[in-house]
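So the structure is just underneath, and the comments pick up after that.
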Amino acid sequence: MKVLIVDDEPHLIHAIKALVPWQEYDIDKVLSATTAAEARELLSREQPQLAFFDIMIGDERGTDLMNYVVEQKISSKVIAISGYSDFEYVRSMLVLGCVDYLLKPLERTALLAAVEKAVNTWKEDRRKNDDARSLLHQINYLSSERRHTLLSQLLSPAASQAAYQELSSLSDSFSKADTCLIFYSDLTFYPSEEDAAFQRSFTAFFDMMKTDLESRGLGAAILRHWNPHDAAVILYGRTDRGLNSVQTAVSHFRRQSGYPFHFGCCSGSNRPEDILSAYDSARRAFYSMEVNQNGRTPLIAVLPGFFHTTPPADDRNEAQLLSSIMLNEEKTITASVQQWLSGMLLSAPVTYGAIKRISTDFETMYSHWCGYFTERYPGFTPGNASALTPCSLFDEAYHFQAEHAASRCREILIELAANLHDVCRSGDVFRQIGSYLEINYNQPFDQTEYAELFHMNKDYLCRKFKEAYGVSMVTRLNEIRIEHAKKLLRSSSAKITDIAIQIGYNDEKYFIRTFKKCTGMTPNEYRHSK
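Just so you know, the numbering used here puts 222 at position 216 of the sequence shown, and the rest follows in order with no gaps.
As C-alpha coordinates, then:
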(Lines of atoms letter the chains of each structure in order from A; the text may use other names.)
(Lines give C-alpha, C1' and ligand atoms only; values in the text may rest on other atoms or scores of the structure.)
Protein backbone atom coordinates (compact mmCIF):
# COMPACT_ATOMS: atom_id res chain seq x y z
CA MET A 7 0.00 0.00 0.00
CA LYS A 8 1.01 3.64 -0.50
CA VAL A 9 0.40 6.83 1.47
CA LEU A 10 0.74 10.46 0.32
CA ILE A 11 1.31 13.28 2.84
CA VAL A 12 0.50 16.77 1.50
CA ASP A 13 1.43 19.80 3.60
CA ASP A 14 3.32 23.03 2.94
CA GLU A 15 5.14 22.59 6.26
CA PRO A 16 8.01 20.07 5.80
CA HIS A 17 8.40 19.53 9.56
CA LEU A 18 4.79 18.27 9.76
CA ILE A 19 5.43 15.81 6.93
CA HIS A 20 8.52 14.58 8.77
CA ALA A 21 6.55 14.20 12.02
CA ILE A 22 3.83 12.08 10.41
CA LYS A 23 6.45 9.87 8.75
CA ALA A 24 8.20 9.36 12.08
CA LEU A 25 5.14 8.77 14.28
CA VAL A 26 3.42 6.01 12.26
CA PRO A 27 4.76 2.39 12.13
CA TRP A 28 3.80 2.03 8.49
CA GLN A 29 4.70 -1.64 8.04
CA GLU A 30 2.15 -2.64 10.67
CA TYR A 31 -0.52 -1.27 8.34
CA ASP A 32 0.92 -2.99 5.22
CA ILE A 33 2.13 0.38 3.90
CA ASP A 34 5.47 0.05 2.14
CA LYS A 35 5.75 3.37 0.29
CA VAL A 36 5.44 6.85 1.87
CA LEU A 37 5.19 9.79 -0.55
CA SER A 38 5.07 13.50 0.18
CA ALA A 39 4.27 16.80 -1.52
CA THR A 40 4.50 20.43 -0.39
CA THR A 41 2.37 21.94 -3.19
CA ALA A 42 -1.05 21.12 -4.61
CA ALA A 43 0.38 20.76 -8.12
CA GLU A 44 2.94 18.22 -6.94
CA ALA A 45 0.20 16.42 -5.02
CA ARG A 46 -2.00 16.14 -8.12
CA GLU A 47 0.85 14.66 -10.12
CA LEU A 48 1.56 12.03 -7.42
CA LEU A 49 -2.12 11.22 -6.95
CA SER A 50 -2.52 10.57 -10.67
CA ARG A 51 0.68 8.57 -11.11
CA GLU A 52 0.88 6.59 -7.86
CA GLN A 53 -2.82 6.15 -6.97
CA PRO A 54 -2.08 5.95 -3.20
CA GLN A 55 -4.48 4.09 -0.94
CA LEU A 56 -4.14 6.70 1.87
CA ALA A 57 -3.53 10.47 1.84
CA PHE A 58 -3.12 13.31 4.34
CA PHE A 59 -4.30 16.73 3.09
CA ASP A 60 -3.71 19.93 4.99
CA ILE A 61 -6.70 22.27 4.95
CA MET A 62 -4.49 25.02 3.50
CA ILE A 63 -1.62 24.24 1.10
CA GLY A 64 0.02 27.47 0.12
CA ASP A 65 -2.57 29.46 -1.80
CA GLU A 66 -4.84 26.44 -2.36
CA ARG A 67 -7.17 24.58 -0.08
CA GLY A 68 -7.40 20.90 0.75
CA THR A 69 -10.92 20.93 -0.65
CA ASP A 70 -9.44 21.61 -4.09
CA LEU A 71 -7.43 18.39 -3.83
CA MET A 72 -10.49 16.52 -2.54
CA ASN A 73 -12.43 17.69 -5.59
CA TYR A 74 -9.58 16.43 -7.78
CA VAL A 75 -9.70 13.00 -6.09
CA VAL A 76 -13.45 12.78 -6.64
CA GLU A 77 -13.34 13.96 -10.26
CA GLN A 78 -10.49 11.59 -11.20
CA LYS A 79 -12.15 8.70 -9.35
CA ILE A 80 -9.03 8.04 -7.30
CA SER A 81 -9.76 5.56 -4.50
CA SER A 82 -7.52 7.22 -1.87
CA LYS A 83 -8.89 7.43 1.68
CA VAL A 84 -8.12 10.98 2.85
CA ILE A 85 -7.38 12.23 6.38
CA ALA A 86 -7.71 16.01 6.77
CA ILE A 87 -5.23 18.03 8.85
CA SER A 88 -6.42 21.37 10.19
CA GLY A 89 -4.80 24.10 12.18
CA TYR A 90 -7.98 26.14 12.30
CA SER A 91 -10.52 26.09 15.08
CA ASP A 92 -13.31 26.86 12.58
CA PHE A 93 -14.97 23.52 11.86
CA GLU A 94 -16.42 24.76 8.55
CA TYR A 95 -13.13 23.95 6.79
CA VAL A 96 -13.16 20.39 8.15
CA ARG A 97 -16.86 19.91 7.40
CA SER A 98 -16.26 20.74 3.74
CA MET A 99 -13.60 18.03 3.57
CA LEU A 100 -15.88 15.48 5.24
CA VAL A 101 -18.70 16.27 2.83
CA LEU A 102 -16.36 15.52 -0.08
CA GLY A 103 -15.48 12.08 1.35
CA CYS A 104 -12.70 12.60 3.86
CA VAL A 105 -12.71 9.64 6.33
CA ASP A 106 -11.29 11.49 9.37
CA TYR A 107 -9.61 14.72 10.50
CA LEU A 108 -6.78 15.69 12.83
CA LEU A 109 -6.11 19.01 14.56
CA LYS A 110 -2.68 20.53 14.91
CA PRO A 111 -0.57 19.97 16.88
CA LEU A 112 -0.83 16.27 16.13
CA GLU A 113 -1.21 13.70 18.86
CA ARG A 114 0.24 10.25 18.14
CA THR A 115 -2.76 8.34 19.54
CA ALA A 116 -5.25 10.24 17.39
CA LEU A 117 -2.91 9.95 14.39
CA LEU A 118 -2.65 6.16 14.66
CA ALA A 119 -6.41 5.82 15.18
CA ALA A 120 -7.05 7.87 12.03
CA VAL A 121 -4.56 5.78 10.03
CA GLU A 122 -6.15 2.54 11.22
CA LYS A 123 -9.63 3.84 10.36
CA ALA A 124 -8.52 4.90 6.89
CA VAL A 125 -6.76 1.58 6.20
CA ASN A 126 -9.76 -0.44 7.37
CA THR A 127 -12.12 1.70 5.29
CA TRP A 128 -9.98 1.21 2.20
CA LYS A 129 -9.80 -2.58 2.73
CA GLU A 130 -13.56 -2.82 3.29
CA ASP A 131 -14.24 -0.82 0.14
CA ARG A 132 -11.86 -3.04 -1.82
CA ARG A 133 -13.65 -6.14 -0.54
CA LYS A 134 -17.02 -4.70 -1.54
CA ASN A 135 -15.69 -3.69 -4.94
CA ASP A 136 -14.22 -7.16 -5.47
CA ASP A 137 -17.53 -8.72 -4.49
CA ALA A 138 -19.39 -6.38 -6.83
CA ARG A 139 -17.03 -7.14 -9.71
CA SER A 140 -17.33 -10.85 -9.01
CA LEU A 141 -21.11 -10.59 -8.96
CA LEU A 142 -21.13 -8.56 -12.17
CA HIS A 143 -18.81 -11.09 -13.81
CA GLN A 144 -21.07 -13.91 -12.64
CA ILE A 145 -24.16 -12.13 -13.95
CA ASN A 146 -22.48 -11.48 -17.29
CA TYR A 147 -21.26 -15.08 -17.44
CA LEU A 148 -24.67 -16.51 -16.61
CA SER A 149 -26.31 -14.16 -19.08
CA SER A 150 -23.84 -15.22 -21.76
CA GLU A 151 -24.27 -18.91 -20.92
CA ARG A 152 -28.05 -18.57 -20.93
CA ARG A 153 -27.95 -16.82 -24.29
CA HIS A 154 -25.69 -19.57 -25.64
CA THR A 155 -28.04 -22.27 -24.29
CA LEU A 156 -31.04 -20.59 -25.88
CA LEU A 157 -29.27 -20.30 -29.23
CA SER A 158 -28.53 -24.01 -29.02
CA GLN A 159 -32.17 -24.74 -28.21
CA LEU A 160 -33.22 -22.87 -31.34
CA LEU A 161 -32.03 -25.95 -33.25
CA SER A 162 -34.27 -28.33 -31.28
CA PRO A 163 -37.83 -28.70 -32.66
CA ALA A 164 -39.21 -29.23 -29.15
CA ALA A 165 -37.61 -26.11 -27.66
CA SER A 166 -37.12 -23.77 -30.62
CA GLN A 167 -40.22 -21.60 -30.26
CA ALA A 168 -39.80 -20.97 -26.52
CA ALA A 169 -36.08 -20.29 -26.98
CA TYR A 170 -36.80 -17.80 -29.77
CA GLN A 171 -39.24 -15.85 -27.59
CA GLU A 172 -36.87 -15.71 -24.60
CA LEU A 173 -33.92 -14.70 -26.77
CA SER A 174 -35.94 -11.90 -28.30
CA SER A 175 -36.59 -10.51 -24.81
CA LEU A 176 -32.98 -10.93 -23.60
CA SER A 177 -30.98 -9.77 -26.60
CA ASP A 178 -31.59 -6.50 -28.46
CA SER A 179 -29.28 -7.54 -31.29
CA PHE A 180 -31.21 -10.78 -31.76
CA SER A 181 -34.66 -9.22 -31.50
CA LYS A 182 -33.75 -6.56 -34.10
CA ALA A 183 -32.21 -9.06 -36.55
CA ASP A 184 -34.25 -9.66 -39.69
CA THR A 185 -31.94 -12.25 -41.29
CA CYS A 186 -29.92 -15.22 -40.11
CA LEU A 187 -27.50 -17.77 -41.54
CA ILE A 188 -26.94 -21.30 -40.24
CA PHE A 189 -23.82 -23.43 -40.74
CA TYR A 190 -23.48 -27.15 -40.01
CA SER A 191 -20.63 -29.67 -39.86
CA ASP A 192 -20.61 -33.37 -38.92
CA LEU A 193 -17.57 -34.02 -36.72
CA THR A 194 -17.64 -37.78 -37.30
CA PHE A 195 -15.77 -37.02 -40.54
CA TYR A 196 -12.75 -35.93 -38.51
CA PRO A 197 -10.48 -37.68 -35.96
CA SER A 198 -12.12 -38.81 -32.72
CA GLU A 199 -11.23 -37.97 -29.12
CA GLU A 200 -8.37 -40.50 -29.32
CA ASP A 201 -6.42 -38.07 -31.53
CA ALA A 202 -5.41 -35.61 -28.82
CA ALA A 203 -3.52 -33.26 -31.15
CA PHE A 204 -6.49 -32.82 -33.48
CA GLN A 205 -8.90 -32.37 -30.59
CA ARG A 206 -6.73 -29.64 -29.03
CA SER A 207 -6.51 -27.86 -32.36
CA PHE A 208 -10.26 -28.16 -32.99
CA THR A 209 -11.19 -27.01 -29.48
CA ALA A 210 -8.97 -23.93 -29.83
CA PHE A 211 -10.47 -23.14 -33.26
CA PHE A 212 -14.07 -23.55 -32.13
CA ASP A 213 -13.62 -21.63 -28.86
CA MET A 214 -11.92 -18.77 -30.71
CA MET A 215 -14.77 -18.60 -33.23
CA LYS A 216 -17.37 -18.80 -30.44
CA THR A 217 -15.72 -16.00 -28.43
CA ASP A 218 -15.32 -13.75 -31.46
CA LEU A 219 -18.91 -14.11 -32.65
CA GLU A 220 -20.48 -13.73 -29.21
CA SER A 221 -18.29 -10.81 -28.07
CA ARG A 222 -19.22 -8.87 -31.23
CA GLY A 223 -22.90 -9.78 -31.01
CA LEU A 224 -22.80 -11.49 -34.41
CA GLY A 225 -23.96 -14.97 -33.42
CA ALA A 226 -22.80 -18.16 -31.72
CA ALA A 227 -20.79 -21.31 -32.39
CA ILE A 228 -22.52 -24.33 -30.90
CA LEU A 229 -21.58 -27.91 -30.15
CA ARG A 230 -25.04 -29.37 -29.55
CA HIS A 231 -25.06 -30.85 -26.06
CA TRP A 232 -27.39 -33.70 -27.07
CA ASN A 233 -25.11 -34.66 -29.95
CA PRO A 234 -21.51 -33.47 -29.56
CA HIS A 235 -20.71 -34.60 -33.11
CA ASP A 236 -22.92 -31.84 -34.55
CA ALA A 237 -21.21 -28.47 -34.87
CA ALA A 238 -23.31 -25.45 -35.82
CA VAL A 239 -22.91 -21.70 -36.20
CA ILE A 240 -25.78 -19.22 -36.01
CA LEU A 241 -25.30 -15.73 -37.45
CA TYR A 242 -27.88 -12.98 -37.14
CA GLY A 243 -28.06 -9.27 -37.92
CA ARG A 244 -24.84 -8.28 -39.71
CA THR A 245 -24.39 -11.72 -41.27
CA ASP A 246 -21.74 -10.38 -43.70
CA ARG A 247 -19.37 -9.66 -40.81
CA GLY A 248 -20.13 -12.98 -39.17
CA LEU A 249 -19.58 -14.84 -42.44
CA ASN A 250 -16.17 -13.26 -42.85
CA SER A 251 -15.27 -14.27 -39.28
CA VAL A 252 -16.33 -17.90 -39.88
CA GLN A 253 -14.45 -18.14 -43.18
CA THR A 254 -11.28 -16.74 -41.61
CA ALA A 255 -11.48 -19.18 -38.68
CA VAL A 256 -12.13 -22.22 -40.91
CA SER A 257 -9.31 -21.28 -43.28
CA HIS A 258 -6.86 -20.95 -40.38
CA PHE A 259 -7.98 -24.27 -38.88
CA ARG A 260 -7.55 -26.04 -42.22
CA ARG A 261 -3.96 -24.87 -42.52
CA GLN A 262 -3.23 -25.85 -38.93
CA SER A 263 -4.92 -29.28 -38.89
CA GLY A 264 -4.38 -30.42 -42.47
CA TYR A 265 -8.02 -31.53 -42.80
CA PRO A 266 -10.46 -30.05 -45.37
CA PHE A 267 -12.93 -29.03 -42.67
CA HIS A 268 -16.03 -27.33 -44.07
CA PHE A 269 -19.48 -26.11 -43.11
CA GLY A 270 -22.71 -26.55 -44.98
CA CYS A 271 -24.68 -23.29 -45.19
CA CYS A 272 -28.42 -22.74 -45.53
CA SER A 273 -29.59 -21.37 -48.84
CA GLY A 274 -30.27 -17.62 -48.92
CA SER A 275 -31.02 -15.36 -45.97
CA ASN A 276 -33.59 -16.64 -43.53
CA ARG A 277 -35.69 -14.96 -40.88
CA PRO A 278 -34.69 -15.95 -37.32
CA GLU A 279 -38.11 -17.51 -36.77
CA ASP A 280 -37.40 -19.88 -39.69
CA ILE A 281 -34.23 -21.19 -38.10
CA LEU A 282 -35.24 -24.88 -38.07
CA SER A 283 -35.76 -25.02 -41.82
CA ALA A 284 -32.50 -23.09 -42.28
CA TYR A 285 -30.70 -25.63 -40.08
CA ASP A 286 -32.08 -28.51 -42.15
CA SER A 287 -30.93 -26.72 -45.30
CA ALA A 288 -27.42 -26.34 -43.85
CA ARG A 289 -27.26 -30.06 -42.99
CA ARG A 290 -28.28 -31.02 -46.52
CA ALA A 291 -25.68 -28.64 -47.94
CA PHE A 292 -22.94 -30.28 -45.85
CA TYR A 293 -23.84 -33.80 -46.94
CA SER A 294 -24.27 -32.81 -50.61
CA MET A 295 -20.60 -31.80 -50.83
CA GLU A 296 -18.50 -34.04 -53.07
CA VAL A 297 -15.43 -35.70 -51.56
CA ASN A 298 -11.96 -35.94 -53.13
CA GLN A 299 -11.86 -32.46 -54.66
CA ASN A 300 -8.05 -32.34 -54.61
CA GLY A 301 -7.76 -29.56 -52.05
CA ARG A 302 -10.47 -27.44 -53.65
CA THR A 303 -13.16 -28.22 -51.08
CA PRO A 304 -14.99 -24.92 -50.37
CA LEU A 305 -14.85 -23.51 -46.85
CA ILE A 306 -18.62 -23.08 -46.96
CA ALA A 307 -20.82 -25.42 -49.00
CA VAL A 308 -24.20 -24.24 -50.26
CA LEU A 309 -27.07 -26.45 -51.32
CA PRO A 310 -26.74 -27.33 -55.03
CA GLY A 311 -29.57 -26.88 -57.48
CA PHE A 312 -29.92 -30.66 -57.83
CA PHE A 313 -29.27 -33.63 -55.57
CA HIS A 314 -27.28 -36.79 -56.09
CA THR A 315 -29.86 -39.29 -54.89
CA THR A 316 -28.61 -42.25 -52.89
CA PRO A 317 -30.03 -45.57 -54.07
CA PRO A 318 -32.15 -47.51 -51.57
CA ALA A 319 -30.44 -50.28 -49.65
CA ASP A 320 -30.64 -53.71 -51.28
CA ASP A 321 -31.80 -56.28 -48.71
CA ARG A 322 -30.22 -59.02 -50.80
CA ASN A 323 -26.77 -57.49 -50.39
CA GLU A 324 -27.26 -57.22 -46.63
CA ALA A 325 -28.43 -60.85 -46.48
CA GLN A 326 -25.37 -61.86 -48.48
CA LEU A 327 -23.13 -60.06 -45.98
CA LEU A 328 -24.71 -61.85 -43.05
CA SER A 329 -24.53 -65.19 -44.87
CA SER A 330 -20.81 -64.71 -45.48
CA ILE A 331 -20.31 -64.10 -41.75
CA MET A 332 -22.18 -67.32 -40.96
CA LEU A 333 -19.91 -69.26 -43.36
CA ASN A 334 -16.73 -67.67 -41.92
CA GLU A 335 -14.96 -67.63 -45.28
CA GLU A 336 -12.73 -64.61 -45.89
CA LYS A 337 -13.07 -64.85 -49.66
CA THR A 338 -16.87 -64.86 -49.40
CA ILE A 339 -16.81 -61.98 -46.91
CA THR A 340 -14.57 -59.95 -49.23
CA ALA A 341 -16.87 -60.51 -52.21
CA SER A 342 -19.98 -59.70 -50.15
CA VAL A 343 -18.47 -56.46 -48.85
CA GLN A 344 -17.54 -55.35 -52.35
CA GLN A 345 -21.04 -56.15 -53.60
CA TRP A 346 -22.65 -54.24 -50.70
CA LEU A 347 -20.40 -51.19 -51.16
CA SER A 348 -21.00 -51.17 -54.91
CA GLY A 349 -24.71 -50.99 -54.21
CA MET A 350 -24.21 -48.11 -51.78
CA LEU A 351 -22.06 -46.14 -54.26
CA LEU A 352 -24.11 -46.51 -57.44
CA SER A 353 -24.62 -42.74 -57.69
CA ALA A 354 -21.70 -40.56 -58.74
CA PRO A 355 -19.94 -38.49 -57.61
CA VAL A 356 -19.45 -39.69 -54.03
CA THR A 357 -20.72 -37.19 -51.47
CA TYR A 358 -20.27 -36.79 -47.73
CA GLY A 359 -23.87 -37.94 -47.43
CA ALA A 360 -23.11 -41.22 -49.21
CA ILE A 361 -20.18 -41.88 -46.88
CA LYS A 362 -22.30 -41.04 -43.85
CA ARG A 363 -24.89 -43.54 -45.02
CA ILE A 364 -22.26 -46.27 -45.46
CA SER A 365 -21.11 -45.68 -41.89
CA THR A 366 -24.62 -45.48 -40.43
CA ASP A 367 -26.02 -48.48 -42.31
CA PHE A 368 -23.00 -50.62 -41.51
CA GLU A 369 -23.09 -49.75 -37.81
CA THR A 370 -26.85 -50.46 -37.72
CA MET A 371 -26.37 -53.84 -39.40
CA TYR A 372 -23.41 -54.70 -37.18
CA SER A 373 -25.33 -53.85 -34.02
CA HIS A 374 -28.35 -55.87 -35.19
CA TRP A 375 -26.20 -58.87 -36.07
CA CYS A 376 -24.38 -58.79 -32.73
CA GLY A 377 -27.73 -58.77 -30.95
CA TYR A 378 -28.96 -61.63 -33.15
CA PHE A 379 -25.87 -63.75 -32.46
CA THR A 380 -25.88 -62.98 -28.73
CA GLU A 381 -29.50 -64.13 -28.48
CA ARG A 382 -28.98 -67.30 -30.54
CA TYR A 383 -25.52 -68.40 -29.43
CA PRO A 384 -24.79 -68.42 -25.68
CA GLY A 385 -21.20 -67.44 -25.07
CA PHE A 386 -20.92 -65.23 -28.15
CA THR A 387 -19.17 -61.87 -27.66
CA PRO A 388 -18.82 -59.28 -30.45
CA GLY A 389 -15.16 -58.52 -29.77
CA ASN A 390 -13.44 -55.14 -29.72
CA ALA A 391 -13.75 -54.01 -33.32
CA SER A 392 -13.50 -50.24 -33.69
CA ALA A 393 -16.52 -48.37 -35.02
CA LEU A 394 -16.79 -47.70 -38.74
CA THR A 395 -16.94 -43.91 -38.49
CA PRO A 396 -17.03 -41.74 -41.63
CA CYS A 397 -13.48 -40.60 -40.81
CA SER A 398 -12.23 -44.22 -40.77
CA LEU A 399 -13.42 -44.66 -44.37
CA PHE A 400 -10.82 -42.14 -45.60
CA ASP A 401 -7.19 -43.12 -46.12
CA GLU A 402 -4.19 -41.44 -44.47
CA ALA A 403 -4.21 -38.66 -47.07
CA TYR A 404 -7.92 -38.06 -46.30
CA HIS A 405 -9.05 -39.37 -49.67
CA PHE A 406 -12.01 -41.68 -50.01
CA GLN A 407 -11.18 -44.86 -51.89
CA ALA A 408 -13.72 -47.68 -52.18
CA GLU A 409 -10.89 -50.20 -51.75
CA HIS A 410 -9.88 -48.66 -48.42
CA ALA A 411 -13.49 -48.55 -47.22
CA ALA A 412 -13.98 -52.20 -48.24
CA SER A 413 -10.84 -53.16 -46.34
CA ARG A 414 -12.12 -51.50 -43.15
CA CYS A 415 -15.51 -53.26 -43.43
CA ARG A 416 -13.82 -56.55 -44.21
CA GLU A 417 -11.56 -56.37 -41.13
CA ILE A 418 -14.54 -55.82 -38.83
CA LEU A 419 -16.65 -58.60 -40.35
CA ILE A 420 -13.82 -61.14 -40.39
CA GLU A 421 -13.34 -60.59 -36.66
CA LEU A 422 -17.09 -60.95 -36.09
CA ALA A 423 -17.18 -64.17 -38.14
CA ALA A 424 -14.21 -65.60 -36.23
CA ASN A 425 -15.88 -64.88 -32.88
CA LEU A 426 -19.06 -66.58 -34.09
CA HIS A 427 -17.12 -69.55 -35.47
CA ASP A 428 -15.37 -70.07 -32.12
CA VAL A 429 -18.76 -70.44 -30.44
CA CYS A 430 -20.23 -72.66 -33.16
CA ARG A 431 -17.29 -75.07 -33.10
CA SER A 432 -18.32 -76.00 -29.59
CA GLY A 433 -21.65 -77.53 -30.74
CA ASP A 434 -23.85 -74.80 -32.24
CA VAL A 435 -23.08 -75.52 -35.89
CA PHE A 436 -26.62 -76.74 -36.63
CA ARG A 437 -28.05 -73.66 -34.94
CA GLN A 438 -25.81 -71.74 -37.33
CA ILE A 439 -27.19 -73.70 -40.30
CA GLY A 440 -30.71 -72.91 -39.12
CA SER A 441 -29.84 -69.20 -38.97
CA TYR A 442 -28.34 -69.37 -42.45
CA LEU A 443 -31.59 -70.91 -43.69
CA GLU A 444 -33.60 -68.08 -42.09
CA ILE A 445 -31.41 -65.45 -43.71
CA ASN A 446 -31.57 -66.99 -47.19
CA TYR A 447 -35.17 -68.20 -47.06
CA ASN A 448 -36.06 -66.48 -50.37
CA GLN A 449 -33.12 -67.96 -52.28
CA PRO A 450 -33.16 -71.23 -54.28
CA PHE A 451 -32.64 -74.14 -51.87
CA ASP A 452 -30.43 -77.17 -52.44
CA GLN A 453 -29.48 -79.56 -49.63
CA THR A 454 -26.35 -80.60 -51.49
CA GLU A 455 -25.22 -76.97 -51.69
CA TYR A 456 -25.79 -76.53 -47.95
CA ALA A 457 -23.74 -79.66 -47.24
CA GLU A 458 -20.87 -78.24 -49.30
CA LEU A 459 -21.12 -74.82 -47.66
CA PHE A 460 -20.85 -76.29 -44.18
CA HIS A 461 -18.36 -79.01 -45.14
CA MET A 462 -20.33 -82.12 -44.20
CA ASN A 463 -22.05 -85.13 -45.74
CA LYS A 464 -25.54 -84.42 -47.10
CA ASP A 465 -27.22 -87.34 -45.34
CA TYR A 466 -25.49 -86.49 -42.08
CA LEU A 467 -26.58 -82.85 -42.44
CA CYS A 468 -30.23 -83.78 -43.03
CA ARG A 469 -30.32 -86.27 -40.16
CA LYS A 470 -28.66 -84.01 -37.59
CA PHE A 471 -30.75 -81.01 -38.67
CA LYS A 472 -33.96 -82.95 -38.05
CA GLU A 473 -32.65 -84.00 -34.64
CA ALA A 474 -31.95 -80.35 -33.77
CA TYR A 475 -35.21 -78.82 -35.10
CA GLY A 476 -37.66 -81.71 -35.08
CA VAL A 477 -38.46 -81.25 -38.78
CA SER A 478 -36.63 -81.65 -42.08
CA MET A 479 -34.78 -78.77 -43.71
CA VAL A 480 -37.47 -78.45 -46.41
CA THR A 481 -40.26 -78.33 -43.83
CA ARG A 482 -38.34 -75.76 -41.77
CA LEU A 483 -37.75 -73.64 -44.89
CA ASN A 484 -41.47 -73.74 -45.75
CA GLU A 485 -42.34 -72.65 -42.19
CA ILE A 486 -40.00 -69.67 -42.47
CA ARG A 487 -41.34 -68.68 -45.88
CA ILE A 488 -44.98 -68.93 -44.79
CA GLU A 489 -44.29 -66.70 -41.75
CA HIS A 490 -42.89 -64.04 -44.08
CA ALA A 491 -45.88 -64.50 -46.40
CA LYS A 492 -48.26 -63.87 -43.48
CA LYS A 493 -46.57 -60.56 -42.73
CA LEU A 494 -46.73 -59.47 -46.37
CA LEU A 495 -50.38 -60.46 -46.69
CA ARG A 496 -51.27 -58.38 -43.62
CA SER A 497 -49.09 -55.37 -44.40
CA SER A 498 -49.36 -54.96 -48.17
CA SER A 499 -51.77 -55.24 -51.08
CA ALA A 500 -49.25 -57.07 -53.26
CA LYS A 501 -50.54 -59.74 -55.59
CA ILE A 502 -50.32 -63.37 -54.46
CA THR A 503 -48.01 -64.12 -57.38
CA ASP A 504 -45.62 -61.32 -56.35
CA ILE A 505 -45.61 -62.44 -52.72
CA ALA A 506 -44.84 -66.00 -53.77
CA ILE A 507 -41.83 -64.86 -55.80
CA GLN A 508 -40.70 -62.49 -53.06
CA ILE A 509 -40.46 -65.30 -50.48
CA GLY A 510 -38.80 -67.80 -52.81
CA TYR A 511 -41.62 -69.70 -54.60
CA ASN A 512 -41.61 -69.58 -58.39
CA ASP A 513 -44.84 -71.58 -58.60
CA GLU A 514 -47.90 -69.71 -57.33
CA LYS A 515 -50.02 -72.87 -57.10
CA TYR A 516 -47.39 -74.67 -55.05
CA PHE A 517 -47.21 -71.63 -52.74
CA ILE A 518 -51.00 -71.64 -52.26
CA ARG A 519 -51.02 -75.40 -51.47
CA THR A 520 -48.15 -75.05 -49.03
CA PHE A 521 -49.71 -72.00 -47.36
CA LYS A 522 -53.04 -73.82 -46.88
CA LYS A 523 -51.27 -76.91 -45.55
CA CYS A 524 -49.49 -74.78 -42.91
CA THR A 525 -52.36 -72.44 -41.96
CA GLY A 526 -55.58 -74.17 -42.99
CA MET A 527 -56.45 -71.19 -45.20
CA THR A 528 -55.59 -69.94 -48.66
CA PRO A 529 -53.52 -66.73 -48.85
CA ASN A 530 -56.60 -64.69 -49.84
CA GLU A 531 -58.65 -66.16 -46.99
CA TYR A 532 -55.84 -65.32 -44.57
CA ARG A 533 -55.54 -61.76 -45.90
CA HIS A 534 -59.23 -61.05 -45.32
CA SER A 535 -59.50 -62.84 -41.98
CA LYS A 536 -59.30 -60.87 -38.73
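Where is the CB? At the ideal position from N, CA and C, for every residue including glycine.
Beta-carbon proximity check, residue i vs residue j, cutoff 9 Å
i: Ser348; j: Ala408; result: yes
i: Leu187; j: Ala284; result: yes
i: Arg487; j: Ile509; result: yes
i: Gln55; j: Lys83; result: yes
i: Leu112; j: Leu176; result: no
i: Ala237; j: Leu305; result: no
i: Leu100; j: Ala116; result: no
i: Thr395; j: Val297; result: no
i: Leu422; j: Pro388; result: yes
i: Tyr532; j: Lys492; result: yes
i: Cys415; j: Val343; result: yes
i: Phe292; j: Ser191; result: yes
i: Leu282; j: Ser174; result: no
Distance, residue j Cα to residue i Cα
i: Gln326; j: Val239; result: 42 Å
i: Thr528; j: Ile439; result: 30 Å
i: Leu224; j: Gly103; result: 43 Å
i: Gly89; j: Arg133; result: 34 Å
i: Lys182; j: Lys123; result: 52 Å
i: Ala203; j: Phe211; result: 12 Å
i: Asn425; j: Gln205; result: 33 Å
i: Leu25; j: Arg153; result: 57 Å
i: Leu49; j: Gly68; result: 13 Å
i: Ala288; j: Asp280; result: 13 Å
i: Glu47; j: Glu94; result: 27 Å
i: Arg302; j: Ser251; result: 20 Å
i: Lys110; j: Ala39; result: 18 Å
i: Met7; j: Lys79; result: 18 Å
i: Asp504; j: Lys522; result: 17 Å
i: Leu219; j: Gln253; result: 12 Å
i: Arg482; j: Arg519; result: 16 Å
i: Ser535; j: Ile339; result: 43 Å
For residue i, three-class secondary structure by DSSP
i: Ser98; result: helix
i: Val480; result: helix
i: Leu56; result: strand
i: Met62; result: strand
i: Tyr242; result: strand
i: Phe88; result: Per the sequence shown, the amino acid found at residue 88 is Ser instead of Phe. Of the three classes helix, strand and coil, the one that applies to Ser88 here is strand, per DSSP.
i: Glu473; result: helix
i: Lys501; result: coil
i: Ala24; result: helix
i: Ile518; result: helix
i: Asp236; result: strand
i: Glu336; result: helix
i: Tyr404; result: coil
i: Leu447; result: The residue you asked about is not Leu; residue 447 is Tyr in the sequence shown. Three-state DSSP puts Tyr447 in coil, outside helix and strand.
i: Asp192; result: strand
i: Ala307; result: strand
i: Val435; result: helix
Distance between beta carbons of residue j and residue i, contact taken as under 8 Å
i: Asp184; j: Arg244; result: Going by Cβ atoms, the distance from Asp184 to Arg244 rounds to 11 Å, so no, they are not a contact pair.
i: Ala393; j: Glu417; result: Contact flag wrong, Cβ pair sits at about 12 Å.
i: Ala307; j: His268; result: 6 Å
i: Val12; j: Val36; result: The pair is not a contact, with the Cβ atoms about 12 Å apart (cut-off 8 Å).
i: Met215; j: Ala255; result: 4 Å
i: Ser441; j: Met332; result: 6 Å
i: His490; j: Tyr456; result: With a Cβ gap of about 19 Å, His490 and Tyr456 do not count as contacting.
i: Asn334; j: His427; result: 4 Å
i: Met350; j: Arg363; result: 7 Å
i: Tyr404; j: Pro197; result: Tyr404 to Pro197, Cβ: 10 Å. No contact.
i: Leu399; j: Ser365; result: 7 Å
i: Gln453; j: Lys464; result: 6 Å
i: Phe208; j: Gly270; result: 17 Å between Cβ atoms; not a contact.
Classification of residue i by the beta-carbon crowding that lies within 10 angstroms, buried from 16 upward
i: Gly550; result: For residue 550 there is no data in the structure shown, the boundaries of the chain being 7 and 536.
i: Asn135; result: exposed
i: His374; result: exposed
i: Gly377; result: exposed
i: Ser498; result: exposed
i: Gly526; result: exposed
i: Phe471; result: buried
i: Tyr242; result: buried
i: Gln159; result: buried
i: Asp65; result: exposed
i: Tyr383; result: buried
i: Ala500; result: exposed
i: Gly476; result: exposed
i: Gly264; result: exposed
i: Val480; result: exposed
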